[in-house]
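Asks:
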Amino acid sequence: IIPAIVIIFKTMSGALAYAIILGDSFASMASLAGAPTLLRSPNVWIGLISAFVLLPLCLLRDLSSLAFGSILGTAGTIYTALFMTLRYFDGSYAAAGAFHSAIAPALQPKFVSAAAKPLLNAKIFVLISMLSTTFLAHYNAPKFFTEIAPDSNGKNKLSRFNLAVAGGFGLAAALCGVIMGSGFLTFGAAAQGLILNNFATSDPLAFIARLGIAVSVLFSYPLLFLGLRDGVLSAVGLGKAAARNDVHRLATILLIALVNGTACVLKDLGLIVALGGAVLGSTLVYIMPALMSLRVSSRQAAATKAAGIEAPGKLSKVETGFNYFLIGLGAFLAVVGAATTLAGAGGH
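Residues 38 to 385 (my numbering) are what the sequence shown spells out, left to right.
1) May I have the straight-line CA-CA distance separating residue 293 from residue 266, to the nearest angstrom?
2) Alpha carbon to alpha carbon, what distance is there between residue 359 and residue 222?
3) So what does DSSP say about residue 147, is it helix, strand or coil?
4) Measuring straight from C-alpha to C-alpha, what distance separates residue 112 and residue 167?
5) With distances taken from CA atoms, which of 137, 307, 147 and 208 is nearest residue 172?
6) Determine the DSSP secondary structure at residue 274, reduced to helix, strand or coil.
7) Taking 8 Å as the threshold, find out whether the segment 123 to 136 comes into contact with the segment 323 to 343 through three or more Cβ pairs.
8) Note down, in chain order, each residue of its chain lying with its Cβ closer than 7 Å to the Cβ of residue 269, except the 5 sequence neighbours on either side.
9) Evaluate residue 250 with the Cβ neighbour count: other Cβ atoms within 10 Å of its Cβ, from every protein chain shown; 16 or more gives buried, anything less gives exposed.
10) Note down the Cα distance separating residue 147 from residue 305, rounded to an integer number of angstroms.
11) Determine the extent of the alpha helix (DSSP H) in which residue 283 is found, giving its start and end residues.
12) So, under 8 Å CB-CB, residue 313 and residue 51 are touching, yes? Tell me the CB distance rounded to an integer number of Å.
13) Please report how far the alpha carbon of residue 99 lies from the alpha carbon of residue 281, in whole angstroms.
14) Less than 7 Å between the C-beta atoms of residue 139 and residue 239, yes or no?
15) In terms of alpha-carbon separation, which member of 337, 354, 341 and 328 lies closest to residue 39?
16) With distance defined between alpha-carbon atoms, name the residue in 72, 73, 54 and 320 nearest to residue 296.
17) Residues in the same chain with beta-carbon distance under 7 Å from residue 264, minus the five sequence neighbours each way, listed in chain order, please.
18) For the segment 75 to 110, which segments carrying the alpha helix (DSSP H) assignment without a break, of at least 4 residues, lie completely within its bounds, in sequence order?
19) DSSP three-state call for residue 318: helix, strand or coil?
20) Using the DSSP secondary-structure output, state which residues sit across from residue 225 in a beta bridge.
21) Let's test the definition: count the other Cβ atoms within 10 Å of the Cβ of residue 286 and tell me whether it reaches 16, buried, or not, exposed.
22) Do you know how far the Cα of residue 325 is from the Cα of residue 80?
23) Where residue 149 and residue 369 are concerned, what is the direct C-alpha to C-alpha distance, given to the nearest angstrom?
24) Are the Cβ atoms of residue 236 and residue 228 separated by less than 7 Å?
25) Does the CB of residue 380 have a neighbour CB from chain D at under 7 Å?
26) Kindly give me the distance between the Cβ atoms of residue 245 and residue 116, rounded to whole angstroms, as I take these residues to be in contact under 8 Å.
27) Can you list, in chain order, the residues of its chain with a C-beta nearer than 8 Å to that of residue 284? Leave out the 5 residues immediately preceding and following it.
28) Check this for me: beta carbons of residue 211 and residue 377, under 7 Å apart or not?
29) Taking the alpha helix (DSSP H) that residue 182 belongs to, which residues open and close that run?
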């Protein structure tokens with residue numbers, strides 16, 4: 038039950054972050070387009086998108102129908118990485134840049150010397166916490182594997198699954214590195230939790246970047262929401278009833294209302310991502326897999342001990358020690374990452 042609870046809260050914090058991004062992105066685009074004041078409110082967009090886009094998408098049972106949207110979202114993320122790299126090199130947001138005066142003083146680039154604030158400091162654990170969120174997709178792995186097409190022989194799906202995982206994680210790592218690096222090099226300490234909020238609404242290329250990220254999040258939200266809905270239904274004893282349309286629809290409506298309604302109140306994206314990654318991400322990435330590995334090995338050993346044979350898949354001493362190391366590492370990152378994140382939030 039503990040892994041299920043952790044997954045519920047982790048997917049919920051992820052969906053909350055996505056809702057905040059959607060609200061901010063569309064509000065900024067509406068401002069550039071000269072839309073009425075009402076449509077420049079992030080909360081209005083969260084409500085509209087939740088009702089007319091996210092709800093229909095989350096009601097879908099077949100993830101393959103999201104494939105085209107995911108391709109558009111990936112293209113949008115790649116464009117954003119290229120756009121941010123361009124803006125770093127062309128100096129548009131530097132002190133004498135074309136858009137420097139077009140953003141609020143709090144968003145303008147701010148850099149401190151390495152002597153005043155060393156590069157390696159306690160806030161590195163906030164970054165590690167965020168990375169735990171970035172590369173977390175464990176809860177959807179069974180669903181992805183089930184729906185992936187087999188190879189040409191119609192048998193082996195594992196090789197295709199491994200290729201998809203390696204390619205997806207590799208591309209995500211490259212894009213995250215470029216966006217994170219160019220964002221920090223452009224704005225320094227003024228970088229916001231949603232980095233696109235640093236860019237001027239009058240910047241036409243930033244408009245396209247916001248649209249690209251919005252599309253990416255729109256089609257990623259249902260994948261994250263799937264893990265949340267399945268986890269909640271399982272936790273309340275309705276896992277087997279999830280196939281019923283009434284249960285499926287009611288759970289989807291209630292959870293979207295809860296999560297996206299909360300996004301209308303909580304706005305600190307950086308805090309949500311960092312704290313969720315520190316406590317929940319570290320638990321799912323490091324602690325739970327190691328505990329499950331040790332538990333399975335222990336059960337296998339107990340089941341075969343009476344027969345006088347060696348348990349299949351028995352862990353070596355090195356593997357056992359590595360699992361305990363991961364548990365300790367996860368606990369350390371969870372505690373230190375959460376403490377550093379909360380301390381930073383209290384200092385603002």
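Glycine included, each C-beta is placed from N, C-alpha and C at the ideal position.
Replies: Taking the definition as stated:
1) 10 Å
2) 36 Å
3) strand
4) 23 Å
5) 208
6) coil
7) no
8) 45, 288 and 292
9) buried
10) 20 Å
11) 282 to 300
12) 7 Å
13) 15 Å
14) yes
15) 328
16) 54
17) 44, 48, 176 and 177
18) 79 to 86 and 92 to 96
19) helix
20) 147
21) exposed
22) 36 Å
23) 29 Å
24) no
25) The structure shown contains no chain D, having only a single protein chain.
26) 6 Å
27) 270, 275 and 278
28) no
29) 178 to 184
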